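A.B. asks: Protein chains in written order, with the working numbering: chain E, 1 to 293; chain A, 294 to 586.
Got a structure for you, written out below as structure tokens; questions coming shortly.
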């Protein structure tokens with residue numbers, strides 16, 4: 001299988017599992033559950049889910065073992081988007097070309113839908129078809145990546161520094177927590193399913209944070225160089241908000257050079273450690289680097 | 294030890310563990326963490342924590358084993374109060390005589406503080422000093438009680454039926470999910486720590502839901518018969534909101550009769566199953582029934 005085929009195969013596994021999870025944990029007949037499904041099933045690249053399953057395979061496990069954990073990480077990611085769009089946060093009316101959750105269902109229901117997805121992510125983990133040790137590892141990894149040492153801290157830093165110029169170090173810190181921590185959680189969850197050891201986990205952590213940073217730098221650059229059609233959202237929003245980004249710090253070309261350098265080093269390290277097994281993950285990194293939207 | 298002394302002993306264990314959890318999972322230096330601590334450390338009866346530890350002892354475990362799980366259930370309860378007070382929900386400015394979280398820290402920070410407490414509850418469980426099986430059992434119990442088959446559903450039903458007359462059956466359904474499910478989770482988490490069997494869990498479930506219902510009926514009655522000093526919050530709010538309660542359905546006296554009956558049956562069943570070991574839990578139920586605030 002080439003990269004595309006393998007990505008599609010992961011998505012197929014994931015989508016089947018997500019349907020099953022929705023039936024069990026977000027049953028129809030409740031407005032809040034419907035709102036949660038509306039956002040959860042709106043698509044997206046499912047990068048975190050694919051990373052979770054691919055990491056499990058990298059370490060000798062089967063993707064299917066990690067499919068339910070992959071659902072949990074996407075449910076958690078989805079909660080963060082719903083709450084992030086709320087009026088008291090970013091106040092965004094659209095998400096992936098559709099009305100955001102609170103625009104479609106009202107604020108109270110959207111708040112509860114986010115709470116629900118966050119909660120059910122952990123029920124999904126607790127009932128995943130892996131051994132108890134893997135469940136506990138996945139639960140710890142997801143909560144750690146999403147909490148006070150990860151995503152929620154990242155959200156706080158993002159709000160704190162918006163509309164003021166920041167140094168590169170601060171910008172890296174925001175991205176590390178806001179984006180990197182959950183990408184790392186996704187990979188650590190995959191590692192849990194495969195029974196990865198401490199050395200594996202440490203290597204994957206470095207790769208995950210590098211990948212998150214590259215993802216974010218490219219995001220910054222696309223906000224300047226892409227079109228709103230390619231991106232599926234308005235462009236130029238960072239400049240409009242006077243936001244410091246890698247693109248404002250180094251210009252679009254300088255930022256892309258930095259992203260390429262970080263990416264090459266990260267992929268090199270992974271490849272030296274895992275040889276051919278790492279090919280899918282390094283191809284995924286390459287594709288995130290070269291994406292147009 | 295008599296009932297009061299034992300309650301105090303549980304609280305002492307719990308408070309020491311909660312301080313340790315705050316240091317580890319809600320470190321100082323972040324506004325969101327401070328907001329979470331502000332609400333989490335504001336006190337309350339800690340009924341859920343005590344139920345968790347007492348259930349562990351009922352089944353032959355030690356209270357200390359369940360202390361960290363007890364912190365998780367109080368963190369989760371606290372998140373629900375913070376989000377419930379938000380303007381898009383109940384819009385309450387005060388909680389336990391202090392400004393509610395969003396009044397003290399702003400809406401965005403309060404939203405994130407609630408998200409954080411919910412998230413960290415599961416990290417606390419994943420790292421609790423019990424075996425992996427107990428951690429997974431506690432994680433499943435808490436997520437199940439807090440999610441689409443429990444508390445979030447209860448919140449949805451509560452919003453759906455507010456300002457309209459409802460039947461007793463509906464009222465029971467709201468309370469079962471809004472209050473009973475988390476009380477049950479607290480007890481099931483204690484049972485997990487002690488390694489309780491399926492028969493224990495089923496008995497405890499019935500007791501927990503009865504206890505939750507009694508708690509709620511007494512709440513309804515106190516809203517009519519208590520003073521705002523005793524209650525620590527304004528009285529008469531249910532009547533003002535045209536809310537159907539057990540007090541409006543049966544009058545304060547009729548409602549108390551019902552509560553006494555449910556309570557006596559629940560305590561009788563527990564006592565027949567566990568003999569003297571059940572004395573603390575039945576005393577706790579009695580105290581909740583006879584409380585004045």
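All C-beta atoms, glycine included, are put in the ideal place defined by N, C-alpha and C.
Because the structure is a prediction, the values reported are computed rather than measured.
Whose CA, out of 390(A), 439(A), 539(A), lies closest to the CA of residue 522(A)?
C.D. replies: Selected option, being the one with the closest Cα: 390(A).
A.B. asks: Our contact map puts residue 479(A) next to residue 366(A) with C-beta atoms below 8 angstroms; I'd like the distance itself, whole angstroms only.
C.D. replies: Confirmed, about 5 angstroms.
A.B. asks: Rounding to the nearest angstrom, what Cα-Cα distance links residue 414(A) and residue 368(A) in this structure?
C.D. replies: Near 6 angstroms, if we compare the C-alpha coordinates of residue 368(A) and residue 414(A).
A.B. asks: Please list, in chain order, the chain E residues whose beta carbon lies closer than 7 angstroms to that of residue 428(A).
C.D. replies: Neighbours of residue 428(A) on chain E, chain order: 136.
A.B. asks: As a quick exercise: from 440(A), 500(A), 441(A), 573(A), pick the residue whose alpha carbon is nearest that of residue 294(A).
C.D. replies: It is 573(A) whose Cα lies nearest to the Cα of residue 294(A).
A.B. asks: Counting only Cβ pairs nearer than 7 angstroms, list the residues of chain E close to residue 567(A).
C.D. replies: Simply none; closest approach about 27 angstroms.
A.B. asks: For residue 190(E), is the classification buried or exposed, using 16 other Cβ atoms within 10 angstroms of its Cβ as the cut-off for buried?
C.D. replies: Buried, since its Cβ has 16 or more Cβ neighbours within 10 Å.
A.B. asks: So residue 266(E) and residue 289(E) are in contact, right, with Cβ under 8 angstroms, and what is the actual spacing, rounded?
C.D. replies: At roughly 10 angstroms, the Cβ-Cβ gap does not stay under 8 angstroms, so residue 266(E) and residue 289(E) are not in contact.
A.B. asks: What does residue 119(E) reach in chain A if we use C-beta pairs closer than 7 angstroms?
C.D. replies: Residues of chain A passing the Cβ test: 411, 436, 439, 440, 445.
A.B. asks: Is it true that the CB of residue 145(E) sits closer than 9 angstroms to the CB of residue 184(E)?
C.D. replies: Against a cut-off of 9 angstroms, the Cβ pair of residue 145(E) and residue 184(E) comes out as a contact.
A.B. asks: Classify residue 99(E) as helix, strand or coil using the three-state DSSP reduction.
C.D. replies: In this structure, residue 99(E) counts as strand in the three-state DSSP scheme.
A.B. asks: What residues from chain A crowd round residue 27(E), counting only those whose CB sits closer than 8 angstroms?
C.D. replies: Neighbours of residue 27(E) on chain A, chain order: 441.
A.B. asks: Using a 10 Å radius around the Cβ and a threshold of 16 neighbouring Cβ atoms, would you call residue 65(E) buried or exposed?
C.D. replies: When all chains shown are included, residue 65(E) counts as buried.
A.B. asks: When the Cα of residue 207(E) is compared with those of 255(E), 284(E), 63(E), which residue comes out closest?
C.D. replies: Nearest of 255(E), 284(E), 63(E) to residue 207(E), Cα basis: 284(E).
A.B. asks: So which residues on chain A does residue 213(E) lean against when the C-beta distance must stay under 7 angstroms?
C.D. replies: In chain order: nothing, as chain A lies at least about 22 angstroms away.
A.B. asks: Go to residue 214(E), then tell me how far its alpha helix (DSSP H) extends in each direction, as first and last residue.
C.D. replies: Counting along the chain, the alpha helix (DSSP H) containing residue 214(E) begins and ends at 198 to 225.
A.B. asks: According to a CB-to-CB cut-off of less than 9 angstroms, which residues of the segment 74 to 86 of chain E neighbour chain A?
C.D. replies: Hits within the stretch, in order: 76, 79, 80, 83, 86.
A.B. asks: Give the list of continuous alpha helix (DSSP H) stretches no shorter than 4 residues that lie fully inside the segment 235 to 280 of chain E.
C.D. replies: As far as the segment 235 to 280 of chain E is concerned, its whole alpha helix (DSSP H) runs of at least 4 residues are 237 to 240, 246 to 274.
A.B. asks: Tell whether a beta-carbon distance below 9 angstroms holds between residue 213(E) and residue 176(E).
C.D. replies: Result yes, Cβ atoms of residue 213(E) and residue 176(E) sit closer than 9 angstroms.
A.B. asks: So, for residue 542(A): in the same chain, excluding its five sequence neighbours on each side, which residues have a beta-carbon less than 8 angstroms away from its beta-carbon?
C.D. replies: Closer than 8 angstroms at the Cβ level, and outside the excluded window around residue 542(A), lie 461, 464, 548.
A.B. asks: Are residue 432(A) and residue 332(A) close, meaning C-beta to C-beta below 9 angstroms?
C.D. replies: No, Cβ-Cβ distance for residue 432(A) and residue 332(A) is not below 9 angstroms.
A.B. asks: What residues of chain A sit near residue 14(E), judged by a beta carbon separation below 8 angstroms?
C.D. replies: Near residue 14(E) there are no residues of chain A at all, since even the closest Cβ is about 21 angstroms away, more than 8 angstroms.
A.B. asks: For the segment 12 to 28 of chain E and the segment 235 to 245 of chain E, state whether three or more C-beta atom pairs, one from each stretch, are separated by less than 8 angstroms.
C.D. replies: Short answer: they don't touch.
A.B. asks: Residue ranges of each alpha helix (DSSP H) run of no fewer than 4 residues wholly in the segment 295 to 323 of chain A, ordered along the chain?
C.D. replies: Listed in chain order, the complete alpha helix (DSSP H) runs (minimum 4 residues) inside the segment 295 to 323 of chain A are 296 to 318.
A.B. asks: Does any C-beta atom of chain A lie closer than 9 angstroms to the C-beta of residue 201(E)?
C.D. replies: No, no contact with chain A.
A.B. asks: Going by CA-CA distance only, name the one from 108(E), 119(E), 269(E), 152(E) that's closest to residue 453(A).
C.D. replies: Residue 108(E) is the option with its Cα nearest to residue 453(A).
A.B. asks: Are residue 134(E) and residue 195(E) close, meaning C-beta to C-beta below 9 angstroms?
C.D. replies: In this structure, residue 195(E) lies closer than 9 angstroms to residue 134(E) by Cβ.
A.B. asks: If we cut at 9 angstroms on Cβ distances, does residue 402(A) have a partner in chain B?
C.D. replies: Absent here is chain B; the protein component of the structure consists of chains E and A.
A.B. asks: Can the beta-carbon of residue 79(E) be found less than 9 angstroms from the beta-carbon of residue 51(E)?
C.D. replies: It is not a contact, given that the beta carbons lie outside the stated cut-off.
A.B. asks: Within 9 angstroms (strictly less), CB to CB, does residue 59(E) reach chain A?
C.D. replies: Chain A contact via Cβ: absent.
A.B. asks: Going by DSSP, which residues form a beta bridge with residue 94(E)?
C.D. replies: Note: residue 94(E) sits in a beta bridge opposite 99(E).
A.B. asks: For a cutoff of 9 angstroms on Cβ pairs, would you count residue 94(E) as touching chain A?
C.D. replies: It does not: the Cβ of residue 94(E) has no partner Cβ on chain A nearer than 9 angstroms.
A.B. asks: What does the alpha-carbon distance come out to for the pair residue 320(A) and residue 475(A)?
C.D. replies: Residue 320(A) and residue 475(A): Cα-Cα distance of roughly 26 angstroms.
A.B. asks: Answer with buried or exposed for residue 485(A), where buried requires no fewer than 16 other C-beta atoms within 10 angstroms of its C-beta.
C.D. replies: Under this definition residue 485(A) is a buried residue.
A.B. asks: Determine the DSSP secondary structure at residue 584(A), reduced to helix, strand or coil.
C.D. replies: Residue state, collapsed to three classes: coil.
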